[in-house]
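Here's the structure, in structure tokens; my notes come after.
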Amino acid sequence: MHKRTIYLTLVAALALPAAFAASAAAAPPKQLSVPATNPYWTVLNARSHKALRFGARVATCTFIPRASCVGLQLPGQNLSGAFIPFAALQAANLAGGSLAASTITHVNLRAANLKGVSFVGTAPVDANFAGAQMQNTALTFAGFTDADMRGVDLRGANLDFGAIVGADMRGADLRGMNVSDSDINGTDVRGAELRSANLSNADLSGAKLAGAQLKGAVFCNTLMPDGSIRASRKGLCPGQHSAPPPNAKPIIVPNGSPFFPAIYALQFGHQVPSGTQVRGCVIRAFTRCRGAHLRGADLQGGFLAYSDLRSSDLRAANLQLGDIAYADARGAHLDRIKLGGTSIVSADLRGASLTGASLSLAVAATADLRAANLTGADGRSSVLDSADLRASNLTGARFMQADLSAADLRGANLTRTNLSQTSLVGAKLTGANMTATILCNTIMPNGSIANPTRGACPGT
């Protein structure tokens, strides 16, 4: 199975001289030129064109945490970059507009008109989209976790390189939807319409499909709910090579960017196909590799959702662009592991050691990290929304521009942790050690801004 990485085999040579493509282990360049054919281009472009500043007022709505804008009428409005966690927007009409690169976690958009809206680069956790009209929406690199999407209309939507994990999509209409290269782990799609949907390279492990209508759906290297592969195929699958926007220019990404590791891995690394055996461990969903010795192993893109990795040694392993959603990794040794762009949703990492781990762009929403050691970890632009971090150690960790909304940090050690431009809205901090914690434009649990500045924050 070749999810995520094989997409770039046709364009990797366009991004850098061929010499760089020889090995992902070679010294990385100072920067990458990301062409519009790379799916990361879409989210990079969205993040660089945000329309709303914090607290902006548009029509009758002030865009702040917990905003109450029920029935808001703003069709065609560019609301990209909006910061509205826990907002009430039921029955709103935002059709044809944009919420790209916005913080819309825990938002209520029940029965809203969202036709054609861009959700590129968003991470709605525990959000309510039940009954919403979301036809032809752009969902590239959007990550819906534990969302209520019952009866939602997603006909013609594009989820390419996105994720809908642990969501309730019973009775949803997904006809003609592009779900290629996307994660649908643990999602309930019973009774949903999936006719003519493109499921190429989709990860459906743990999903519930009973009663779903699948006539005409495209299967190609599709990881099924039981972890098996349907319609195995070498090379590109249908829908993997979409046309870039006309006249789009490459975006330069320096090697200090939190996006760099994942983009570099995507362009020049290689994926471990599902079913590959590495040191006695079969790399696939639901695998049982308790106590496995995988130190320094190249597991890029590995599908390990629902796996048993308890007490395993994955120190300095490469698991970028992979999937360990719902995995049991209690007590695992994950020091210096590379988890850039990896799905860690609802994984059990209690007591695990992740010192110096690379977590940039990782999605660890609702993960259990109680008593985990994250000393010196790089979690820039990661999503730990609703994660349980009680008694964890984040000493000296970098979590700038991360989403820790509704996270439980009670009793956590945040000594010298960099939380610049990070969302802590709804988080629990009772008993946390915040000695020398770096707060700069940090959104606090009550929605206020700690140490606001117009200049650059440390490490950003």
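Quick note: our numbering has the sequence shown finishing at residue 452, numbered continuously throughout.
Ideal placement from N, C-alpha and C gives every residue a C-beta, glycine not left out.
{"Asked": "Whole-Å CB distance - LEU166 paired with LEU186, under 8 Å assumed", "Found": "5 Å"}
{"Asked": "Separation of SER335 from SER415, as counted between CA atoms", "Found": "19 Å"}
{"Asked": "Cross-strand partners of THR95 (DSSP beta bridge)", "Found": "PHE75"}
{"Asked": "Three-state secondary structure assigned by DSSP to ASN247", "Found": "coil"}
{"Asked": "Which listed residue (ARG280, GLY168, ALA80) has its alpha carbon closest to that of ARG58", "Found": "ALA80"}
{"Asked": "Distance between LEU201 and SER352 (C-alpha atoms, nearest Å)", "Found": "32 Å"}
{"Asked": "Cβ contact check for the segment 239 to 248 and the segment 196 to 210: 3 or more pairs under 8 Å", "Found": "no"}
{"Asked": "Counted within 10 angstroms of its Cβ, other Cβ atoms place GLN269 as buried (16 or more) or exposed", "Found": "exposed"}
{"Asked": "Which residues DSSP lists as bridging SER90, in chain order", "Found": "ASN70, SER110"}
{"Asked": "Straight-line Cα distance separating LEU296 from ASP290", "Found": "13 Å"}
{"Asked": "First and last residue of the uninterrupted alpha helix (DSSP H) at ILE255", "Found": "252 to 260"}
{"Asked": "Three-pair Cβ contact test at 8 Å for the segment 388 to 402 versus the segment 362 to 376", "Found": "yes"}
{"Asked": "Simplified DSSP state of THR268, which is helix, strand or coil", "Found": "strand"}
{"Asked": "Proximity to THR422 [Cα-Cα], best of LEU386, ARG382, ALA389", "Found": "ARG382"}
{"Asked": "Assigned secondary structure, ASN385 (DSSP; H/G/I helix, E/B strand, else coil)", "Found": "strand"}
{"Asked": "Own chain residues within Cβ distance below 6 Å of LEU2, not counting five before or after", "Found": "Because LEU2 carries a pLDDT of 29, less than 50, the predicted location of this residue cannot be relied on, and the following value inherits that uncertainty. Counting only Cβ-Cβ distances below 6 Å, and skipping sequence neighbours, we find nothing."}
{"Asked": "Bridge partners - CYS212, DSSP secondary structure assignment", "Found": "None; CYS212 has no bridge partner."}
{"Asked": "Three-state secondary structure (DSSP) of VAL35", "Found": "helix"}
{"Asked": "Residue burial classification, SER440 (beta-carbon count within 10 angstroms, cutoff 16)", "Found": "exposed"}
{"Asked": "Contact check, ASP340 vs ASP320, beta carbons under 7 Å", "Found": "yes"}
{"Asked": "DSSP three-state assignment for HIS41, whether helix, strand or coil", "Found": "coil"}
{"Asked": "Coarse secondary structure for ALA442, derived from DSSP in three states", "Found": "strand"}
{"Asked": "ALA16, buried or exposed, once every other Cβ within 10 Å from all chains shown has been counted against 16", "Found": "Any answer about ALA16 is weak, because its pLDDT of 43 lies below 50 and its placement is not dependable; what the coordinates show is given next. Classification for ALA16: buried."}
{"Asked": "Boundaries (first-last residue) of the beta strand (DSSP E) holding ILE430", "Found": "Premise fails: ILE430 is in no beta strand (DSSP E) and is neither H nor E."}
{"Asked": "Beta bridge counterpart(s) of CYS53 as assigned by DSSP", "Found": "VAL50"}
{"Asked": "Bounding residues of the beta strand (DSSP E) (the contiguous stretch that carries LEU313)", "Found": "From DSSP, LEU313 is part of no beta strand (DSSP E); its letter is neither H nor E."}
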